[in-house]
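Engineer: Take this structure, written in structure tokens, and hold onto it; I'll ask about it next.
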Amino acid sequence: MTKNIFAIALLVFSISGKSQNLKLEEIMKGDSFVGVQPTNQHWSLDGKKVYFDWNPNKELGLSTYYWEKGMTKPVLAQPKEAAFSQLDFKRNPTSDIVYYIDNGGLYSYSINNKFLKKIFQQSSPISNLELGFEAGILFFQQNDNLFKYNAKEGTIVQISNFNSGDKAEKELNKDSFLKTQQKELFQFVRDAAAKKEWNNAKKKSVKTDFPKGYYYGKKDDFASLKVNPNGNFATFSLIEKVDVKKETMEVFITADGYNQSPETKEKVSVDNFVKTKFGIYSVAKDSVYFVNFSTLSHIQDVPKYYDSYENLKNKEKSDKLITVQAPVYNASGSLAIAEIRSQDNKDRWLISLDLDKGTFQEIEHQHDEAWIGGPGIPSYAFESGTLGFLSDNETIYFQSEVTGYSHLYTYNLKTKKKTQLTSGNWEVRDVALSKDKKTFYLTTNTTHPGNRNFYKLAAANGVLEPILTKDGAHEVSLSPDEKTLLVRYSYKNKPWDLYIGENKKNTTLEQITSSTTETFKKYPWREPEVITFKAQDGTPVYARLYTPKAETSNKAAVLFVHGAGYLQNAHNYWSNYHREYMFHNMLTDLGYTVLDIDYRGSDGYGRDVRTGIYRFMGGKDLSDQIDGKKYLVDNYGIDANRVGIYGGSYGGFITLMGMLTTPGEFASGAALRSVTDWAHYNHGYTGNILNFPETDPDAYKKSSPIYFADNLKGNLLMLHGMVDDNVEYKDIVRMSQRFIELGKKNWSLSSFPVEAHGFKETYSWIDEYDRILNLFNATLLKK
1 MTKNIFAIAL LVFSISGKSQ NLKLEEIMKG DSFVGVQPTN QHWSLDGKKV
51 YFDWNPNKEL GLSTYYWEKG MTKPVLAQPK EAAFSQLDFK RNPTSDIVYY
101 IDNGGLYSYS INNKFLKKIF QQSSPISNLE LGFEAGILFF QQNDNLFKYN
151 AKEGTIVQIS NFNSGDKAEK ELNKDSFLKT QQKELFQFVR DAAAKKEWNN
201 AKKKSVKTDF PKGYYYGKKD DFASLKVNPN GNFATFSLIE KVDVKKETME
251 VFITADGYNQ SPETKEKVSV DNFVKTKFGI YSVAKDSVYF VNFSTLSHIQ
301 DVPKYYDSYE NLKNKEKSDK LITVQAPVYN ASGSLAIAEI RSQDNKDRWL
351 ISLDLDKGTF QEIEHQHDEA WIGGPGIPSY AFESGTLGFL SDNETIYFQS
401 EVTGYSHLYT YNLKTKKKTQ LTSGNWEVRD VALSKDKKTF YLTTNTTHPG
451 NRNFYKLAAA NGVLEPILTK DGAHEVSLSP DEKTLLVRYS YKNKPWDLYI
501 GENKKNTTLE QITSSTTETF KKYPWREPEV ITFKAQDGTP VYARLYTPKA
551 ETSNKAAVLF VHGAGYLQNA HNYWSNYHRE YMFHNMLTDL GYTVLDIDYR
601 GSDGYGRDVR TGIYRFMGGK DLSDQIDGKK YLVDNYGIDA NRVGIYGGSY
651 GGFITLMGML TTPGEFASGA ALRSVTDWAH YNHGYTGNIL NFPETDPDAY
701 KKSSPIYFAD NLKGNLLMLH GMVDDNVEYK DIVRMSQRFI ELGKKNWSLS
751 SFPVEAHGFK ETYSWIDEYD RILNLFNATL LKK
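Residues in the sequence shown are numbered consecutively from 1, following full-length UniProt numbering.
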């Protein structure tokens, strides 16, 4: 045994010597080794400068830089200018004046003469600034109430009067035995009460235009207050308060030496469902009323998976619990539309609202037996997606996945005509509307699932005009006059930088930042080939492939499993997994073949891939890994007995499922920050995919590694941050206890006391990946 270990050590040393100077100690520094790339790019109000956050000089954090035409390189912005550039400005398209909130106060600023004026500030900060339909009219919120600012009159008026609690509790005249007794015994008390009642009657006879108080009780949270552009109506939601137990974690390394036990998250459960009410406040009527949504189509439909359980098959029907998003208005406020989601996220409705009558008309209903989602269509019931009005103020636009891919649609509220503007086996990833609301600017993956292309599309004819279609990803911001593009671009082996170009067909770009370090540039970073292979059910699966030179190949392979589940990594641009990308270059230098698979459930490939893991995580997403391994064995001469697998978060979960549900398929696995039992994960993410433990326990049992701990074969390394508030450290502790009770020996756990779900400290990254590299070298290389 000692002789074999010595031989392996010599072999590892020998291979490491051929690694072209890639060292874990360097690549695990992340951006400080690669170079910090610019983020948060945006235009100045006058369109003469672009601002962005950057750190080219290896300072402790990001600072704001700017660039303007004629400059050879960006310049550090002064703190005051930097802070001003980050504000959220509200501007009427025809006006020189912008309005904004800063430190809870209301300000105006003239772009032309650079005149700044503070309009309003109190000890209670204001928020949610909105422009009214009329020029010079603004609305803002303070202490859960709405205020109207009139620039012409210089007035600020409160237009709503919402209060928590009950009105009766605000009055001190509650009857009691003693109060009643006092009235019965003393004429003095009776006279005082009569005089008070007379004075109150006199006051009430003089009507006031101040809104009367509306008390919404103590059982509900008040949320989503929004006024329409003409100020006639406000809408809000009341959300039932539920006392749901939250998970806690233990923090051992603290500044004062005392442990801390902060709360983290709610676990997935039907107990997280809440009753909601959608309210309307009429300013003219000074009254509140609520909309009844019981006539929504399919509001009482039950999911198909209920048929799998005797206790659910004949369950009494009732209205689904729903959430209603704050309305979207046309320019004048005469029309309002809203998105509604069922809280099990299997149904989505678009409606038009009659605020005066408190009624609605259904525009469309979308159902997905798995869960609603896709680009422009958030996967969570309390978030809203792409939705707005075009220039005619009667046509709305939205995204839908009804064809299997997220595309752009319009619907005219008067003619009831629905039009599909884009189509094909690709997705609309992002939507922006021109100032005149007649033209769309779309980010798509038209040319390849792993690209982010940029197009112009006229709403009138639906013709796509290509602007940026080069392989890679383009994040585009239009200048205020819409003549120039600010583009953040990256490629597979080229990190993000900023570019400027004209807003025209097939434009060319001028680079304005250079972010990569000289050290990073010295290494010939690979352009991993994005390949496809057929899964066992015939579905094409995309993956990044890293292949060594024939003379250095060791016939061993490593599969990398990205995290998040619904995420894309087999693409043509710089990966968020940049440390892993560099680690894969190192592995390839060492002779390994590396395959990074966009398994079932990944982003970028349409609805069927997105929902391919419904009710079985560790099903098709794991079989895609096994099919990827087979592809390497069949096409690249990989030894089937020398394949390892690793990944973090969801990737750690798949690693565990691979090692435990397909024992012997992988010689070794490294599972980082892994979910081990989905019943202990969060509500929004897990409930979409596996439904809920109380209603679909079978889905949780077959999807959770902890139930298969007895099957462990091969060498398993688990690594977890102890202050992970996403996947708690307790997950891996519970799995460890199972292994101990079952007498398993070929596993180990490495704990990182100061790390959360995403590691921060370089020394932790180095330690983690050194252990992973040692695992693969010791288990995958020939003895």
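All C-beta atoms in this analysis are idealised placements derived from N, C-alpha and C, irrespective of residue type, glycine included.
Just so you know, these numbers come straight off a predicted model, no measurement behind them.
Pop quiz: Pro319 and Gln300 are said to be a contact at Cβ under 8 Å. What is the actual Cβ separation, rounded to whole angstroms?
Structural biologist: Note on identity: in this sequence residue 319 is Asp, with Pro being the wrong assignment. Correct: roughly 6 Å between the Cβ atoms.
Engineer: Give me the DSSP bridge partner(s) of Phe398.
Structural biologist: Leu387 and Tyr409
Engineer: Give me the Cα-Cα distance between Asn4 and Asn777, rounded to the nearest whole angstrom.
Structural biologist: Any reading at Asn4 needs caution, since the residue's pLDDT is 44, under 50, leaving its predicted position unreliable; the model's value is listed next. Going by the C-alpha atoms only, they are around 13 Å apart.
Engineer: What residue range does the beta strand (DSSP E) around Phe665 cover?
Structural biologist: Inspection of the sequence shows that residue 665 is occupied by Glu rather than by Phe. Here Glu665 belongs to no beta strand (DSSP E), and DSSP marks it neither H nor E.
Engineer: Checking 8 Å against the spacing of the C-beta atoms, do Leu672 and Gly647 come in under that value?
Structural biologist: yes
Engineer: Would you identify the three-state DSSP class for Phe273, choosing helix, strand or coil?
Structural biologist: In the structure shown, Phe273 sits in coil (DSSP, three-state: anything other than H, G, I, E or B).
Engineer: Would you mind listing the beta strand (DSSP E) stretches within the UniProt domain "Dipeptidylpeptidase IV N-terminal" (341–496) that are 3+ residues and don't spill past its ends, in chain order?
Structural biologist: 347–354, 359–367, 387–389, 395–400, 407–412, 418–420, 428–433, 439–444, 453–458, 464–468, 473–478 and 484–491
Engineer: For the candidate residues Tyr281, Lys219 and Asn150, whose alpha-carbon lies nearest to that of Lys212?
Structural biologist: Ranking Tyr281, Lys219 and Asn150 by Cα distance to Lys212 puts Tyr281 first.
Engineer: Would you kindly work out how many angstroms separate the C-alpha atoms of Pro375 and Lys48, rounded to a whole number?
Structural biologist: 32 Å
Engineer: I need the DSSP call for Asn503, collapsed to helix, strand or coil.
Structural biologist: In the three-state reduction of the DSSP assignment, Asn503 falls in the coil class.
Engineer: Less than 8 Å separating the beta-carbons of Phe133 and Leu106?
Structural biologist: No, the pair does not count as a contact, with Cβ atoms beyond the cut-off.
Engineer: For Glu768, count neighbouring C-beta atoms within 10 Å of its own C-beta (all shown protein chains included) and say buried if the count is 16 or more, exposed if not.
Structural biologist: buried
Engineer: Exposed or buried, what is Phe739 when buried is set at 16 or more other beta-carbons lying within 10 Å of its beta-carbon?
Structural biologist: buried
Engineer: If the criterion is Cβ atoms closer than 8 Å, does the pair Tyr614 and Ala370 meet it?
Structural biologist: yes
Engineer: Which residues in the same chain have their Cβ closer than 6 Å to the Cβ of Val251, if we skip the five residues on either side of it in sequence?
Structural biologist: Gln260 and Val723
Engineer: Going residue by residue through the region 97–143, where are the continuous beta strand (DSSP E) segments of at least 3 residues, counting only ones entirely within it?
Structural biologist: Within the region 97–143, complete beta strand (DSSP E) segments of at least 3 residues are found at 97–102, 105–110, 116–120, 127–131 and 137–142, given in chain order.
Engineer: Suppose only complete runs of 4+ residues qualify. What are the alpha helix (DSSP H) ranges in the region 182–211, listed by chain order?
Structural biologist: 187–205
Engineer: Quick check on the burial criterion: 16 or more other C-beta atoms within 10 angstroms. Buried or exposed for Lys437?
Structural biologist: buried
Engineer: Write down the C-beta distance between Ser269 and Pro693 rounded to the nearest angstrom, noting that I regard them as a contact closer than 8 Å.
Structural biologist: Between Pro693 and Ser269 the Cβ distance is about 7 Å, and since that is below 8 Å, they are a contact.
Engineer: Within its chain, find whatever has a CB closer than 6 Å to the CB of Gly17; leave out the 5 residues flanking it on each side and keep chain order.
Structural biologist: Only weak support is given to the placement of Gly17: the predicted model assigns it a pLDDT of 40, under 50, and the question is left unresolved by the model.
Engineer: With C-beta atoms as the reference, is Asp598 less than 8 Å away from Ala570?
Structural biologist: yes
Engineer: Just to confirm, is the Cβ distance from Ala336 to Asn451 under 8 Å?
Structural biologist: With contacts defined by Cβ atoms closer than 8 Å, Ala336 and Asn451 do not form a contacting pair.
Engineer: Expressed to the nearest angstrom, what Euclidean distance is found between the alpha-carbon atoms of Leu545 and Ile531?
Structural biologist: Taking the straight line from one Cα to the other gives about 7 Å.
Engineer: Label Thr94 either buried or exposed according to how many other C-beta atoms from any shown protein chain fall within 10 Å of its C-beta, with 16 as the threshold for buried.
Structural biologist: exposed
Engineer: How would you write the range of the beta strand (DSSP E) that Trp43 sits in, first residue to last?
Structural biologist: Thr39 to Trp43
Engineer: With distances taken from CA atoms, which of Val754, Ser124 and Leu131 is nearest Gln142?
Structural biologist: Ser124
Engineer: If distances are taken between C-alpha atoms only, which option among Val36, Gly70 and His42 comes closest to Ala82?
Structural biologist: His42
Engineer: So, Thr264 versus Glu728, is the Cβ gap smaller than 8 Å?
Structural biologist: Yes, the pair counts as a contact, with Cβ atoms nearer than the cut-off.
Engineer: Among the residues of its own chain, which have a CB less than 7 Å from the CB of Asp144, if the five just before and after it don't count?
Structural biologist: Close CB contacts of Asp144 within its chain, under the 7 Å cut and outside five residues either way in sequence, are with Phe162, Phe222 and Leu225 (chain order).
Engineer: Is Glu401 near Leu296, with beta carbons less than 8 Å apart?
Structural biologist: no
Engineer: Applying the 10 Å Cβ sphere with the 16-neighbour rule, what's the burial state of Trp198?
Structural biologist: exposed
Engineer: From Val541 to Arg607, what distance separates their C-alpha atoms?
Structural biologist: 14 Å
Engineer: For the beta strand (DSSP E) containing Gly647, name the first residue and the last one.
Structural biologist: Element bounds for Gly647: Val643 to Gly648.
Engineer: Thr2 by DSSP, collapsed to three states: which one?
Structural biologist: Interpretation of Thr2 is limited by its pLDDT of 39, a score under 50 that renders its predicted location unreliable; the figure taken from the coordinates is listed afterwards. Reduced to three states, the DSSP call for Thr2 is helix.
Engineer: Relative to the alpha-carbon of Gly721, which residue among Glu59, Gly758 and Ile706 has its alpha-carbon at the smallest distance?
Structural biologist: Gly758
Engineer: Once DSSP output is grouped into helix, strand and coil, what is the label at Gln20?
Structural biologist: Model confidence at Gln20 stands at a pLDDT of 49, short of 50, so the residue's coordinates are unreliable and nothing is read from them.
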